[in-house]
Structure formats: structure tokens, C-alpha cells
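Line by line, the protein sequences give chains G and U. With my numbering as the guide, the letters of the first sequence map in order to residues 57 to 484. With my numbering as the guide, the letters of the second sequence map in order to residues 57 to 484.
2 protein chains.
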Amino acid sequence: MRNVSIALLGCGTVGKGVIDLLAMNGPLIEEQLKTKITIKWVLIRDLQKYESMDLPEPIMLTTNFDDIINDDDVEIVVEVMGSADFAKECIEECFKRKKSVVSANKDLIADYGIPLLKLSQEHNADFQFEASVAGGIPIVRPMYSSLNSNIIEEIIGIMNGTTNYILSNMTEKGMSYEDALEEAKEKGYAEADPTNDVSGYDAARKIAILATLGFHSAVTFNDVTVEGIENITQEDIRHATEMGYVIKLLAIARQDDDGISLNVHPSFIRKGHPLANVGGAYNAVFVRGNCVGDVMMYGQGAGSLPTASAVVSDVMNVILHFNINITGQREFVWHEVKLKNQSSICAPYYLRMVVNNAPGVLAGISRVLADYNISIRSLLQKDETTEIAEIVILIDSSSDGLVKESLQKIESLSCVRKVANAIRVIEV
Amino acid sequence: MRNVSIALLGCGTVGKGVIDLLAMNGPLIEEQLKTKITIKWVLIRDLQKYESMDLPEPIMLTTNFDDIINDDDVEIVVEVMGSADFAKECIEECFKRKKSVVSANKDLIADYGIPLLKLSQEHNADFQFEASVAGGIPIVRPMYSSLNSNIIEEIIGIMNGTTNYILSNMTEKGMSYEDALEEAKEKGYAEADPTNDVSGYDAARKIAILATLGFHSAVTFNDVTVEGIENITQEDIRHATEMGYVIKLLAIARQDDDGISLNVHPSFIRKGHPLANVGGAYNAVFVRGNCVGDVMMYGQGAGSLPTASAVVSDVMNVILHFNINITGQREFVWHEVKLKNQSSICAPYYLRMVVNNAPGVLAGISRVLADYNISIRSLLQKDETTEIAEIVILIDSSSDGLVKESLQKIESLSCVRKVANAIRVIEV
């Protein structure tokens, strides 16, 4: 049987998953490929840390990428390090030496995916990155090989397990944001510094990758307007529940004749919508094509073995391509990116305000909204104390720009203590 | 730009969808392929029926398959006729003439998929059939190209829109089976003779195809044990709702060390499970891999444009293969099929019985269950009239064989009028 030697760059959660998966499912994989996969090298940063690790034969650990790049045996390099710069250098080097690459690195793909694809093509090397979005869920390949007969109109994803875990706990167990974050840290769902997840950057990278493929447009992380979940409180969660909604951090990419919009923000989504039921650390990606209609892919968006499932599947595809002397490269089509002005993007909003419990407050607020031509769909006022009241308003679809301006005006009213939150309602 | 001429066999719902889709999305498709797709021929049965149809240039209608098979221009034949025998002959002829084939025909693929794949390989032709399962939902290709690093343990699908529409209406609108079926017919979701759908045969064909690919085992329609939804009543629906379940027609394929089981039957599934929320004419396929865990694909499992989305995507893949001089053929691996004995397959069951409203009835029934070592999880007795009572029992996981035997015994008790229904509870 033919043998293909591969090298792993990185041996964290995903790298270990790849080693474990190949140990578990090796026979079935080899049977399908008629080829044996051997992990020859694993690149790590600190040899001491791995001294006691029980690695299957014949894996060699190295801290020197040269050992890998100079080894002609190595045909496929699996990059599971995360972070963009060093990974990019390594991958470029691989392509130049005609080694194919499988990457699970969303930071890298979101920012350098297209230049790397082009470089790989120049050198006739393969480049696969299914695991860079939503872990084990098949979405990258289906986007370009199964939904490609469609004009993609919308991609909406719950693509960050950490924030979904936090929001699910806030909804189901009535936990505060702080307590839910703390529990997510304890259970290993959130990192010590959770900014990347809770601020929405992680989801933004993933939606940039999917929008690039779905819309045939080279968008990057910087094109995404991002809001995190840090300001969501129990009050918001409770109001959402009462009104028949669930709050989720959604990554939303839309395309119409006027251009593309890319947003990550917490959103009200009606109970009963398939995305509303995606709980805990699960991910889901909802795609609307002009012919296929709505499709959704659901599964574990992170974790050692689920992510390794996508990585090894990519490795298998590269080997199947080797075996018939091709690369899996497609001539991707990239249109010029026409981004919509963020301030023109419309949605209904939920607004929560803390106001003085005094006459005339509601008149003042509704006057401002009327001045901006924003119409009120429903309104709820609750007296919190004799001095303070809470006003919750659902407004009809209004532009981001107008809503922001009107809220500034409302906040400047003397009777308004603060606009506590403004959350978009996603009607899909 | 290169041109590829294709022919459609059939011009029903799906065939028309293919014509419409290519008219709508042609430019984007051609841009991706750097190839123009021209529908040259459409094979139909009755020329008169299509006389008034406004077909785009340069489509020619024919009732004679020879026109197509003898036309060397035609590189890809799209078979969207349905039914197995004539389609099979046509496709075999295509392969022998080195024409590639895209088929949406589940009857054909479920019964002859593997021999046809082999024939296509012998003649170096391409053979794609994404649309044969669950319409536009990407599932066939993801199964063999994205989940192939896993040992697939379980595939559970809601793969028949007609029955799902009927059951959803029975659940949400309290309709009787008969009324819900009538409405499904009126709305075009059910055919005049609905047997194929309501008896579960359609779902059985689809699960046979997915199990073949997922388990690397050449199973066919005949290996599936099938029960339809004809016996589901409002009583069953109401009891399910009260107990926190939803009734769905599930197609279930399972594989473990002891073998494979293939079943289609109505099932209790707990509310909150992603499959329980699949409503109306939507389909969903839930797959459990030993590494990826649970993934689910959801979308429209039928309909003109959704199904055409999968068909045209297949055509695009064939052309991309042409353009690099390959076929998309994989060396599929087929293990020997080891089917489990149906009577050994275990599940908890919901049992509904109509009994005489008399002392000792419950004692008699519970005695029989105890004799078969079947343990009762919960029990509900309702007096319907002074003479008749209804008994609903949830039993712990028990084998198909034992349950059948015990129910025969129970039905033979003089106090039992009938065992009205026995429905498996699916715990996933």
C-alpha cells in the first residue's frame, strides 16, 4: 500500500484530535484511500511540555520547521497552530516546496485565504480548509461544491460556541452574564482572555470566510461590523423570552443588488426558528440560496475530535487528488467587493431604556422616534422603583444610522438615564 | 468559452426546475465553470403535452431516446424521470457511450446505485446523484467527502415531506389523519395515490442510499423494514404532546459491531431535539459519526428549484471534472452487509390499548408484560365511556420481537378490545 507522510504544525486540542482520530479510524480511512497516512513530524514550541506525552510511532517532535519543510517525504502539512503570521510564513514555504496544506486556522484564512489559494495554485499544491469554519460541520466544501448552482442571498451563523454557551445558560438557567462567562471558563469553553469570542471577532472571521466563498467576493475580517455580547443582561434575556424571542450572537452576511453587508451582533430571533434551538456549544449555519431556499447545517463547531474530523477529511481529499494526479483546486471566481454602507442596513430593533419615573417621559421618547420617522411596533413600561422606570420598545425596521442618531438624541433627554441596550431583531 | 451540451430525460417538476435554474443563474454558473451549459434535448413521453410550453432556445423535444444517445454533442445526461427500469436502461446506455450521468432518481439509486457506479467507472464516465436524497440539502456528497473520516454510527432522517406535512398538521392544527392527507393532496404535497409516501417506501429508498454510502455497505430498499403513518391517530398525537414528544416518520440506519439495522417507522422524539422542530415539508438528516459527533443538515427535501439546485450542482461538478480530464469517481469501499435480525432491535415503546372498563384489566396486561420481562416506565388510564377505557403505557427499551409477541398475547386477553398502536420512542 502506498504511504503518505504528513506533518502537523501544532499539537494543541485539534492536533491531538488528529493524532487520536487517525489512531481510531485509521483502518477504515486507509481502506477508502488505498493509502496509509503516517504522521511523521509534529511541530511544537516547547519540547519539555510534550516529553511525557505518549505519541504513536513513528511521530517525531521538533521545534524547528526546517525539519519538516526540508523533508521530501512529507507531502501534506496540516496547520493547526492558530494565529496568522507564523502560520502564513510556514504555509507559503510549503506551497513553494510543492507540499499541500490543510489548515484549520480561521484567523489565517479570513485574512489571507485568497492570496494563499492563488499561491497554492501557482505551485500546483492543494489547499483545503474545511475546519476553519464551524469545526466538524461540513460547510466550506458544501458552499462551493453543493450550493454553487445558487446565487447566495444570505448566510446566518451561530458560529461561536463560547458565546452560544453563555447565552444559552443566561436563557435557560437565568444566570448573569458574568456568572455564565465564569462557568464557560471553568468548563473550558472560554479562554482566560475571552475577548476574541465574546466580542464577536471569532464569529466575524468565520462569516468573512463563508461570505467570500458564497458571494464570490474577497471580503476579509476588516469588512465585518462587529458587536459582542458583553452588554446583554438578564433583563434583555427576560424581555426576549416574554416577547417570544431568543437572543443569539449571529454572524450575518447578506447580498443583494446594492451590495454586501457583513455583521456580527447579538440578535433577537423568534422561538421556533431552527437557529433559535441551537443550544450550548453547538454551531449552525443557515444559508439561503435563490433556488435551494433555506438550508441549515448543524453540529459541533469546536472540540478536539469534531474539528479533527474535518481536518482528516481534508487530508483524505488531498490524497484522493494525489492518487489521480490532480489538486482539488477550483478556479474560484472573485467579484469586486461592493460593501453596503453600514448606516443604511435596516432591521427592527428592541430598545431598552432606563428613565426617570416621571410624567412626560414617554411623550419625549416617542417624539424623538417620530422625528426620525421610526415607528413603534410595541411598547412596555415597567416601574422599577418610585424613581426609576424601564421602557422597552420594539421598533419597525429602521436603518442602523437613524437608530443610532435617534438613540443619541433620546439619551440626551433629561428624563432618560440611559439607553441600556439596542438589539436587532432578525426576521428570517 | 467552451460549451457543454446536456440532455434532460424527463420534464416534470425537477426537469422544469433545471431549465428554470439554468435560465436564472446561468451567468454565475458559466463564470464559475468557464463553460457554457446548453440544454440540447429534453426527452418526454407525450409531445402534445409540451406543445404550448415556452422552452428556451435551442432545446429540442423528443420522444425518442436514440436522438440523445446518438448525439455525440451530448456529454452529460440528466435523468429526472423517476421510476427505475427505463431509467436504468437509458443510463447504462449512456455509460457505454461514455456520456456522464446526473440522476435525481431515488428508486433507481436505492436499487441499482452500486452496479451503475461500477459500470460508469468501467467506461470512465461520471455519475452523480446528490438530488436522489433530500432534494436540495447537501447530504450525499458531504457523506462521502466530508464525513468520511468517521465511522458512521447512526443516520436518522426526516426524508419524506408529504408525511412530515401530514404529521405537522395533525400536531399543530389537531387535524385527523384523513383530513391532513386530503389537504396535502390539495396543496400538491401528496400524490393522488399517496401509498409510496405515507407507507414509508420513499423514505426507505433514501435511507438505503445514505446507509450504503455512510456504512460502506451495499444495502438496498429490500433491506429496510418499513412501517407507515396510516395508523397514527389524533389520540396518539395528543398523548405524545402531553408526554413531551412529537411524532415523526423517521428513517433510521444504525451500525455497530453486531451489524446494521435499517428501519422506517413513526417515532416519538422528544421536543427540543433538532429533528422534532423540522416542520411542514422540510427534511432533515441527522448523522452521528464516532469523531464528529452529531451533525444535521436541514432544508427543502423536494420541490422544483430546490431539487434542481442539487442536480445542477452535480452537473457543475461533472463539468469541473471534464475540465481537468478526470471523472469524479471514487474507489468506493463496500463491506459485506451484515444485517441485524429485526426482532432483536430494541427501543422503548409507546403502547395504546382500548380495553373494557372493568376490574382486573390492568392486572392482566401488566402480568403479560412482566412475563416477557418488559418493564413499564409510565402508565395512564383514561375512562372513555362506562364501558370502554384507554390505557397508554410507556415501556423501557425492549426488543422488537418481544414487544410483538407480548402485544399478540395482550390482544388475546378477553378484556382487551384492541392494541390500537405501538410506536417506538427514539432516544437520541
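We put the CB at the ideal spot given by N, CA and C, even for glycine.
Thinking C-beta only, is residue j closer than 8 Å to residue i?
i	j	result
G357(G)	G349(U)	no
M199(U)	L269(U)	yes
V341(U)	M215(U)	yes
M57(U)	K92(U)	yes
V157(G)	I62(G)	no
G345(G)	E242(G)	no
F324(U)	L173(U)	no
G284(U)	Y245(U)	no
L376(G)	S205(U)	no
V70(G)	A160(G)	yes
Give me the residue from the options with the minimum Cα distance to residue i.
i	options	result
Q385(G)	V393(G), N373(G) and H391(G)	N373(G)
Y405(U)	V367(U), H391(U), S462(U) and E392(U)	S462(U)
I401(G)	A414(G), N381(G), I316(G) and R473(G)	I316(G)
S455(G)	Y428(G), E467(G), L469(G) and D182(G)	Y428(G)
L266(U)	G328(U), I170(U), C347(U) and V74(U)	I170(U)
S232(U)	Q177(U), K243(U) and T289(U)	T289(U)
D312(U)	I207(U), T91(U), L117(U) and L418(U)	I207(U)
G328(G)	Y338(G), Y301(G) and D314(G)	Y301(G)
V275(U)	R433(U), K262(U) and A403(U)	K262(U)
R101(G)	I293(G), S360(G), G138(G) and A414(G)	G138(G)
N120(G)	L99(G), I212(G) and I466(G)	L99(G)
D128(G)	V60(G), K72(G) and R197(G)	V60(G)
A426(U)	V411(U), V459(U), T442(U) and K394(U)	V459(U)
G335(G)	I421(G), I222(G), R433(G) and E298(G)	I222(G)
I308(G)	G71(G), V484(G) and K72(G)	V484(G)
Q453(U)	S434(U), K162(U) and P194(U)	Note that residue 453(U) corresponds to Ser in the displayed sequence, not to Gln. Minimum Cα distance to S453(U) is reached at S434(U).
T442(U)	L78(U), L237(U), I75(U) and P415(U)	P415(U)
C347(G)	I195(U), V368(U) and E238(U)	V368(U)
F271(G)	L395(G), Q88(G) and V411(G)	L395(G)
P362(U)	E186(U), G191(U) and L164(U)	G191(U)
E228(G)	N333(G), N477(G), K474(G) and V411(G)	N333(G)
Give the interface partners of residue i over in chain G, defined as CB-CB distance under 9 Å, in chain order.
i	result
M372(U)	S201, N204 and S205
D350(U)	Y338, Y354, G355 and Q356
M502(U)	Within the shown structure, residues of chain U are numbered from 57 to 484, placing residue 502(U) beyond reach of any answer.
R197(U)	P194, R197, P198, S201 and S202
L485(U)	Residue 485(U) is absent from the structure shown; chain U starts at 57 and stops at 484.
Determine the extent of the alpha helix (DSSP H) in which residue i is found, giving its start and end residues.
i	result
A364(G)	S360 to N379
H321(U)	First-last for H321(U): G315 to R326, but that is the beta strand (DSSP E), not the alpha helix (DSSP H).
S462(G)	D456 to E467
L77(G)	T69 to L89
Y233(G)	Y233 to E242
S61(U)	Here S61(U) belongs to no alpha helix (DSSP H); instead the beta strand (DSSP E) covers R58 to L65.
Y338(G)	First-last for Y338(G): Y338 to G345, but that is the beta strand (DSSP E), not the alpha helix (DSSP H).
Y106(G)	L103 to Y106
D110(G)	No alpha helix (DSSP H) contains D110(G), which DSSP labels as neither H nor E.
G213(U)	That residue, G213(U), is in no alpha helix (DSSP H); its beta strand (DSSP E) goes I208 to I214.
Just curious, the beta strand (DSSP E) that residue i is in, first and last residue?
i	result
L306(U)	Y301 to D312
A478(U)	V472 to I482
R294(G)	From DSSP, R294(G) is part of no beta strand (DSSP E) but of the alpha helix (DSSP H) over Q290 to E298.
R433(G)	I432 to D439
Listing by chain order, which chain G residues have their CB less than 8 Å from the CB of residue i?
i	result
S462(U)	Result: empty, since nearest Cβ-Cβ is about 36 Å, beyond 8 Å.
L77(U)	S205 and C347
L117(U)	Correct list: empty, because the minimum Cβ distance to chain G is about 23 Å.
Run down chain G in chain order and give the residues with a C-beta less than 7 Å from the C-beta of residue i.
i	result
A364(U)	C347
V341(U)	Per Cβ cutoff of 7 Å: no residues; V341(U) is ~10 Å from chain G at best.
E186(U)	S202
L84(U)	I207
What in chain U is Cβ-close to residue i, meaning under 9 Å?
i	result
G244(G)	Here the premise fails: no neighbours, minimum Cβ distance about 16 Å.
Counting only beta-carbon atoms, is residue i nearer than 8 Å to chain A?
i	result
I193(G)	Absent from the structure is chain A; the protein chains it does hold are G and U.
Report the neighbours of residue i on chain U: residues whose CB is nearer than 7 Å to its CB, in chain order.
i	result
L111(G)	Going along chain U, no residue has its Cβ under 7 Å from L111(G), so there is no contact; the nearest lies around 19 Å.
Note to self: Taking beta-carbon pairs under 7 Å, can you tell me which members of the stretch 367-398 of chain G lie near chain U?
What the structure shows: V368, S369, M372, N373, L376, I380, I382, R386, E387 and V389
Check: When you check each C-beta in the stretch 309-333 of chain G against every C-beta of chain U, which residues fall closer than 8 Å?
Finding: G328, P330 and N333
Checklist line | Residues of the stretch 86-97 of chain G with Cβ closer than 8 Å to any Cβ of chain U, in chain order | finding: E87, Q88 and K90
Item checked: Under 7 Å (Cβ pairs) to chain G, residues found in the stretch 216-237 of chain U -> none
Next item on the list: Anything in the stretch 259-292 of chain U with a Cβ closer than 9 Å to a Cβ of chain G? List those residues in chain order, please.
Entry: H272
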